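Heads up, the sequence shown is in UniProt numbering, so the first residue is 1 and it goes up one at a time.
Okay, structure first, notes after.
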Amino acid sequence: MTHNNEKYLAKIKKLLNLARRSTNSNEAANALSQAQALMRKHSLTETDIDLMEIGRASSKGAPSQAQKIPAYMNSLANMICRAFGVDCYYQYKRDFLSSGQRTVVFFGPNERPEIAAYAFDVLSRQLVKARREFTAKMRRNIKPSTKVARADQFCEGWVDGAYAVIDIYKVAASEKTLMAAYYSRLKEEMEFKESTFRAAKKCRGGEDAADAGYRAGKQAQLHQAVHGQGGSLTGIGVKP
Numbered sequence: 001m002t003h004n005n006e007k008y009l010a011k012i013k014k015l016l017n018l019a020r021r022s023t024n025s026n027e028a029a030n031a032l033s034q035a036q037a038l039m040r041k042h043s044l045t046e047t048d049i050d051l052m053e054i055g056r057a058s059s060k061g062a063p064s065q066a067q068k069i070p071a072y073m074n075s076l077a078n079m080i081c082r083a084f085g086v087d088c089y090y091q092y093k094r095d096f097l098s099s100g101q102r103t104v105v106f107f108g109p110n111e112r113p114e115i116a117a118y119a120f121d122v123l124s125r126q127l128v129k130a131r132r133e134f135t136a137k138m139r140r141n142i143k144p145s146t147k148v149a150r151a152d153q154f155c156e157g158w159v160d161g162a163y164a165v166i167d168i169y170k171v172a173a174s175e176k177t178l179m180a181a182y183y184s185r186l187k188e189e190m191e192f193k194e195s196t197f198r199a200a201k202k203c204r205g206g207e208d209a210a211d212a213g214y215r216a217g218k219q220a221q222l223h224q225a226v227h228g229q230g231g232s233l234t235g236i237g238v239k240p
């Protein structure tokens, strides 16, 4: 959507809000008439107006920069989506000065995408730290491929552990519909390709690694604070 269209949408939304809230019938009718005229002039629909309720925010980074996204990273992003009532997609930024940066873009109503992006970064740092500490405890004579496989198993278990203690945000049906419409439009505009995810390879000691990750993940620390649902802070994996 062009910058001009966004500008017109904001003006139309303002007029529609005035039409709904005004106690003066003439003022309300005039505002509605202006809004409809702008919509016709710029070929904008009611769906375009509704989708203004959906915003997006990008994480600063990700726990893995691998070309093929690890399954544990996808699970972490999905967990954040369920915790904050949003949806997401993956983005890979590349420029001449760096090898590239993978991020996760969260989208949804109100302030929820910004909170979700922040939460993803918080848990990503905790996950990376836990993985590093787990890997450091392995014997030096273990093959590098086995170390990577065990570390991936640990990360999958870690996310499962964090998943077990989060609160699920109850998303209204109307919000689900809007987010689906928003994503459908994004797919057309940005020509998204379906993502594929790399599961952790099976290896000797993999089950123990996953179990260690699960126990560590249950100690993950994050506060879910979303206005309009409960109004209080709910700790993830934090004892009161």
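Every residue, glycine too, gets a C-beta built ideally from N, C-alpha and C.
The structure displayed is predicted, hence computed values, not measured ones.
In terms of residue numbering, what span does the beta strand (DSSP E) encompassing residue i cover?
| i | result |
| --- | --- |
| Pro109 | Gln101 to Pro109 |
Which same chain residues end up closer than 7 Å to residue i when comparing Cβ atoms and leaving out the 5 residues on each side of it in sequence?
| i | result |
| --- | --- |
| Lys13 | Ile49 and Met52 |
| Arg112 | Phe84, Gly85, Val86 and Val226 |
| Thr47 | Ala181 |
| Tyr92 | Gly100 and Arg102 |
| Asp211 | Gly157 |
Distance check for residue j and residue i, CA to CA, integer angstroms please.
| i | j | result |
| --- | --- | --- |
| Gly108 | Ser58 | 12 Å |
| Leu44 | Val122 | 39 Å |
| Tyr163 | Ile142 | 30 Å |
| Ser124 | Ala71 | 14 Å |
| residue 252 | Gly213 | With the chain running from 1 to 240 in the structure shown, residue 252 is simply not present. |
| Lys193 | Phe154 | 28 Å |
| Leu15 | Tyr118 | 33 Å |
| Ser25 | Arg185 | 36 Å |
| Arg56 | Ala116 | 10 Å |
| Met79 | Ala62 | 14 Å |
| Pro144 | Lys11 | 58 Å |
| Met138 | Tyr90 | 32 Å |
| Lys129 | Ile69 | 19 Å |
Can you find the residues in the same chain that come closer than 6 Å, C-beta to C-beta, to residue i, ignoring five residues on each side of it along the sequence?
| i | result |
| --- | --- |
| Asn74 | Phe197 |
| Ala151 | Arg131 and Thr135 |
| Leu18 | Ala31 |
| Gln126 | Ala220 |
| Glu175 | Pro109 |
| Ala199 | Ala71 |
| Phe106 | Ala57, Val86, Cys88, Pro113, Ala116 and Ala117 |
List the residues that DSSP assigns as beta-bridge partners of residue i.
| i | result |
| --- | --- |
| Tyr90 | Val104 |
| Leu186 | None; Leu186 has no bridge partner. |
| Ser58 | Val105 |
| Arg198 | Pro70 |
| Leu38 | Leu38 is not bridged to any residue. |
| Leu9 | According to DSSP, which records beta bridges pairwise, Leu9 is partnered with nothing at all. |
Taking Cβ positions, are residue i and residue j nearer each other than 9 Å?
| i | j | result |
| --- | --- | --- |
| Gln67 | Gln101 | no |
| Val165 | Ala220 | yes |
| Leu222 | Ile54 | no |
| Ile168 | Arg94 | no |
| Phe120 | Ala77 | yes |
| Ala209 | Gly157 | yes |
Excluding the 5 residues preceding and the 5 following residue i in the sequence, name in chain order all residues of the same chain whose CB lies nearer than 8 Å to its CB.
| i | result |
| --- | --- |
| Thr146 | Cys203, Arg204 and Gly205 |
| Leu38 | Tyr8, Lys11, Ile12, Leu15 and Leu44 |
Could you give the first and the last residue of the continuous alpha helix (DSSP H) run that contains residue i?
| i | result |
| --- | --- |
| Asp50 | Glu46 to Asp50 |
| Gly213 | Gly206 to Gly217 |
| Glu156 | Pro144 to Tyr163 |
| Ile115 | Arg112 to Ala136 |
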